[in-house]
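*Asks:* A single structure is presented below for examination.
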Amino acid sequence: MNPNYVTADRLIALLALVGGVLTGCDGPWENAGEKADAVANVSGGAFGNGPQERMGEIQDRAARDQAKAIEAQADATEDRADEVRETGDQRAAALERQAAEIRKNAARSGEVLDQQADATRSK
Numbered sequence: 000m001n002p003n004y005v006t007a008d009r010l011i012a013l014l015a016l017v018g019g020v021l022t023g024c025d026g027p028w029e030n031a032g033e034k035a036d037a038v039a040n041v042s043g044g045a046f047g048n049g050p051q052e053r054m055g056e057i058q059d060r061a062a063r064d065q066a067k068a069i070e071a072q073a074d075a076t077e078d079r080a081d082e083v084r085e086t087g088d089q090r091a092a093a094l095e096r097q098a099a100e101i102r103k104n105a106a107r108s109g110e111v112l113d114q115q116a117d118a119t120r121s122k
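All the letters of the sequence shown, read from the start, carry residue numbers 0 to 122 under numbering that gives the first Met the number 0.
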């Protein structure tokens, strides 16, 4: 037998493997739908899903999409928080430089006034 030919038993094994992998990806709604279809004795055929399982899959997909959207919104909010903090840090640094300049000018003016006071006393 040529190993390149697909035989019925190889095809069945491959389908079982693929089915097992895909079944492992079911979400909670899809699993519940599958159970409901089984209880109602409804199936989608050998390769299909029953109506409740399909609805469950849609609900799982919607829940995953909603979770992704919430995560994206939270990420955007965190990014905005980082921007606000960075802006605050930049403004505070600018104010600190301005305060240092004001202190320096005040110190110079104070020295000049001290010298004037000393000159007044010396007269």
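Cβ coordinates follow ideal geometry from the N, Cα and C atoms, glycine included.
#1: According to DSSP, is G87 part of a helix, a strand, or is it coil?
#2: Reducing DSSP to helix, strand and coil, say where N40 ends up.
#3: Can D59 and G26 be called in contact, C-beta distance under 8 Å?
#4: What whole-angstrom Cβ distance do Q51 and D74 have, given they're in contact under 8 Å?
#5: Can you look up K34 in the DSSP assignment and give me helix, strand or coil?
#6: Check K122 in the structure and name its three-state DSSP category.
*Replies:* Walking through what the data contain:
#1: Taking the first residue of the sequence shown as 1, we reach residue 87 at position 88. If DSSP states are grouped into helix, strand and coil, G87 belongs with the helices.
#2: The count along the sequence shown starts at 1 and reaches residue 40 at position 41. Coil.
#3: Taking the sequence shown and counting its residues from 1, one reaches residue 59 at position 60. Taking the sequence shown and counting its residues from 1, one reaches residue 26 at position 27. Contact flag set, yes.
#4: The count along the sequence shown starts at 1 and reaches residue 51 at position 52. The count along the sequence shown starts at 1 and reaches residue 74 at position 75. No, Q51 and D74 are not in contact; Cβ-Cβ is about 34 Å, not under 8 Å.
#5: The residue you call residue 34 lines up with position 35 of the sequence shown. If DSSP states are grouped into helix, strand and coil, K34 belongs with the helices.
#6: Here residue 122 refers to the residue found at position 123 when the sequence shown is read from its first residue. Coil.
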